[in-house]
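Mapping the sequence shown onto the UniProt record's numbering, position 463 (from 1) lands on 463, and the numbers just tick up by one. We put the beta carbon where it would ideally sit given N, CA and C, even for glycine. Treat the numbers as computed from the prediction; the structure is a model and nothing was measured. Single-structure report; data block below.
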Amino acid sequence: MLTQLKALIGPSQLRLLDYHFAQFIAQSQAHPVSVVCAALTSYELGRGNVCLDLASLDAYFAADGLLAEWSFPHEQLPEPSSWPTFLTQCHAVGEGKPLQLQRNRLYLTRYCLFEQAVAARLLQSSAPPEAESLVTLGEQLNSLFAPDWFFVARQLHADLNNPDNARAFATQYLDVVHPALVNWGEVSQCLLQAYESTDAVALLPQVMAYIPSHAQLNWQKVAAALAATSDIAIISGGPGTGKTTTVTKLLALLLMQSPREPLDIRLAAPTGKAAARLTASITAAVAGLGLAPDISERIPTQASTIHRLLGVIPGRHDFRHHQENLLHLDVLVVDEASMVDLPLMARLLAALPPHCRIILLGDKDQLASVEAGSVLGDICSFSEQGFSQQQAARLCQLTGYELTSASGVASPIADKICQLKRSYRFHQYSGIGYLANAVNHGAVKTIAPLWSQYQDIDLHALSEMATLQHMTVAGYQQYLNLLQPVHSDNADEARAMLNAFNQYQVLVALRQGPYGVEGMNEQVEDWLTQARLIQPALNITPWYPGRPIIITQNDHQAGLYNGDIGICLANKDGANRVYFELADGKVHHFLPSRLPAHQTVYAMTVHKSQGSEFNHTVMVLPDKMAPVLTRELVYTGITRAKTKLDLFSSVALLNQAIIKRTQRASGLVPRLNGAAHE
């Protein structure tokens, strides 16, 4: 059996690691079925699947399957339908053994334990809040989520060109979701009076007399109410839905609830880049919300990576903080939770004290983590169930909004999830928002007309390389024009370069090939050299002023993490230094020779772009379909764009990718649903 497995080692097939694990299992005189399943379980783990789904074994023997050349009857193997029976009799399967078989899913034991631990912590229940505290909490919610009348007044003068726009305006800025319940005649008159007045801010609040609370629905307020009354909250939303604003107001709310008790609040993200962005976003939100000083001063703005929070031990896979040495904190906010894989989520949850309030933020529709699992996606699949009747009633009491409750018995986890459904970034004239929504729903037929209807999105044939060259040279010229010797003690100059670089980015789906990271980076470097914007001396050194790089391996001691972006700049003495904005929001520089593994990043994969945003995003898809091309990848690439998106792809390949969903095998959903209590 091992000989046949060894023949399958190769690109996109079995890894040497998979073969060696099967070899290890074979040492226990295991049945050939167990040896093959051990190899397949390891193989699936490398593809992001937590387990081997034994109900899907037939796929391995299909024409394009890994075991397509094997046929039955086989000299050593019975029919696949009988494999689960053989596994129950295997000495390598069971408690305390390398493999675990649970409900027709075969796991490496440690991944089974990870999954069990995550499910157990997520299903942890807390006592419902007392009625008196709900009254106070509701008042505080109303205060924090009251309309910003200065902002509304500015938008009024920009958007309300005639009274007919009143309904659209109130829907966008006053959270109207049930227009039939609104007195539109009075609303239009109030808005028109405010529009014509020199003091719109004073007049605008009068409009709320004609918009009953049950005609409104602000999902940010609902999310804050849910999180303030739950020990665990999962808040999912696309770009511009206000996740950071929501969590900042939530932290203010929690601090209002504990005026005399100090709360130890921590902010974390899976990568240094995401942590730096969270630091900047929370800092801006605290500054812009007009909170009372005694509250704003207690809201932390400094985020760290999850690894740094847990305490990395050099040369080891475990952390300083774990279930025997818990972290000391009361509230933990984790941003970009879709990027957190199952093992890291399990280790993080295990290191938290029982009383700690956990708030996970992310976009459930983005790409799943690079490593095994799809934790946020699995959790958020329960959002479709709706709230239980008790939760809907509690949230209505707190917010005044009438929320639909589940028709049947919902899983307890459904009461801990809130989906932010309104984007405040993409307005009614934004093609990026409409395109992202259409892709997310797999609505291929509605996508074609969007390209000609909106100015901020364009689709180009892959053959239009001259167009790509022109926009890429123009896009990167913005930061390359700022090239100048940097004073080693002047981080502001380097920060300006880093910010300018982030205005434009080429994204690709693959690592290899002419349309992958390697090919596109070489191509862009050639274009910029031809335009005399850079002067690489690649025959001498890969380093030159202006070279952007991305870290591909964590270096905890340096504070550099996979996905961090830096730019090489010369100092006044002509020596090259590479500048990064680290998780703490500060700019630091490093000698090129001291950097961990890295590569040039004029082009990066969509996977690496998670946690980032760029004013102008260019996404280049390959000329042939590949396994990584999925709806989630296309959606993630589109939503990296803030103001302009150019997509280079054939229509046929784009449609294929949009139709294809990412499917990862795991048992987390049934565990959270209560169907598995292994």
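Does E297 pass the burial test, meaning 16 or more other C-beta atoms within 10 Å, or should it be called exposed?
Its Cβ having fewer than 16 others within 10 Å, E297 is exposed.
Sort D363, N673, M471 by Cα distance to N437 and report the nearest one.
Looking at the Cα atoms, D363 is the closest of the given residues.
Is it true that the CB of L217 sits closer than 8 Å to the CB of L144?
No. Outside cutoff.
Which of the three DSSP states, helix, strand or coil, is assigned to C418?
C418 falls in the strand class under three-state DSSP.
Restricting to runs no shorter than 4 residues, where is the alpha helix (DSSP H) found entirely within the segment 265–338?
Those alpha helix (DSSP H) runs which fall completely within the segment 265–338 and span 4+ residues are 272–288, 293–296, 306–310.
According to DSSP, which residues form a beta bridge with A537?
According to DSSP, A537 bridges with T541.
How is I211 classed by DSSP in three states: helix, strand or coil?
Reduced to three states, the DSSP call for I211 is coil.
Could you please give the first and the last residue of the uninterrupted beta strand (DSSP E) stretch that includes P548?
548–551 is the extent of the beta strand (DSSP E) around P548.
With a threshold of 8 Å, are at least 3 pairs of Cβ atoms found where one atom belongs to the segment 36–55 and the other to the segment 71–84?
Judged by Cβ distances under 8 Å, the segment 36–55 makes contact with the segment 71–84, as three or more pairs qualify.
Go to V620, then tell me how far its beta strand (DSSP E) extends in each direction, as first and last residue.
Counting along the chain, the beta strand (DSSP E) containing V620 begins and ends at 614–620.
Identify, in the order they occur along the chain, each residue of the same chain with its Cβ nearer than 6 Å to the Cβ of R661, setting aside the five sequence neighbours on each side.
The residues are R631.
Drop a sphere of 10 angstroms on the beta-carbon of K243, count the other beta-carbons inside from all chains shown, and report buried for 16 or more, exposed for fewer.
Result: buried.
Under the DSSP definition of a beta bridge, which residues are partnered with R357?
R357 pairs with V331.
Please state if the CB of R664 and the CB of N49 are separated by a distance shorter than 8 Å.
Taking 8 Å as the Cβ cut-off, N49 and R664 qualify as a contacting pair.
Considering only DSSP beta bridges, list what D555 is partnered with.
Paired residues: L560.
Which residues mark the beginning and the end of the beta strand (DSSP E) in which A570 is found?
565–570 is the span of the beta strand (DSSP E), which, as asked, contains A570.
With DSSP collapsed to three states, give me the class of S34.
Correct three-state label for S34: helix.
Would you kindly work out how many angstroms separate the C-alpha atoms of A170 and G272, rounded to a whole number?
Spanning the two alpha carbons is a distance of roughly 39 Å.
Between which two residues does the beta strand (DSSP E) holding R105 run?
Run containing R105: 105–108, per the beta strand (DSSP E) assignment.
CB-CB under 7 Å to K221, same chain, minus the five flanking residues each way: which ones, in chain order?
If we look at K221 and ignore the five residues flanking it on each side, its Cβ neighbours are L141, F145, T399.
Which ranges does the beta strand (DSSP E) cover as unbroken runs of at least 3 residues, wholly within the segment 377–460, from first to last along the chain?
The segment 377–460 contains these whole beta strand (DSSP E) runs: 417–420, 457–460.
Name the two residues that bound the continuous alpha helix (DSSP H) containing D526.
It spans 517–530 - the alpha helix (DSSP H) in which D526 sits, taken as one unbroken run.
Where does H677 land, buried or exposed, given buried means 16+ other C-beta within 10 angstroms?
Only weak support is given to the placement of H677: the predicted model assigns it a pLDDT of 42, under 50, and the value that follows is read from those uncertain coordinates. Counting Cβ neighbours within 10 Å, H677 comes out exposed, since fewer than 16 surround it.
Assuming L647 contacts L367 (C-beta within less than 8 Å), just tell me the rounded distance between them.
The Cβ separation is near 17 Å, so there is no contact.
Taking Cβ positions, are Y60 and L342 nearer each other than 8 Å?
Not in contact: Y60 and L342 (Cβ atoms no closer than 8 Å).
Considering only the beta carbon of each residue, do A583 and G563 sit closer than 8 Å?
For A583 and G563, no; Cβs fall outside 8 Å.
Nearest to S430 by alpha carbon, out of L483, T643, V247?
Per the Cα distances, T643.
Tell me the DSSP secondary structure of Q505 in three-state form.
Three-state DSSP puts Q505 in a strand.
Contact defined as beta carbons within less than 8 Å: I believe D330 pairs with D264. What is the distance between those atoms, to the nearest angstrom?
That pair is a contact at about 5 Å.
From F426, Y515, A227, L57, pick the residue whose C-alpha is nearest to that of T241; which is it?
Among F426, Y515, A227, L57, the Cα nearest to that of T241 is on F426.
What would DSSP say about A233, mapped onto helix, strand or coil?
Residue state, collapsed to three classes: strand.
What are the start and end residues of the beta strand (DSSP E) that includes Y476?
That residue, Y476, is in no beta strand (DSSP E); its alpha helix (DSSP H) goes 465–480.
According to DSSP, is A676 part of a helix, a strand, or is it coil?
Note on A676: pLDDT 40, under 50, position unreliable in the model; no value is reported.
So for N576, helix, strand or coil by DSSP?
Correct three-state label for N576: strand.
V508 and residue 705 - do their beta-carbons sit closer together than 8 Å?
No information on residue 705 is available, as it lies outside the stretch 1 to 678 that the chain covers here.
Closer than 6 Å by C-beta to A30: which residues in its own chain qualify, once you throw out the five before and the five after it? Chain order, please.
Closer than 6 Å at Cβ, skipping near neighbours: C90, A92.
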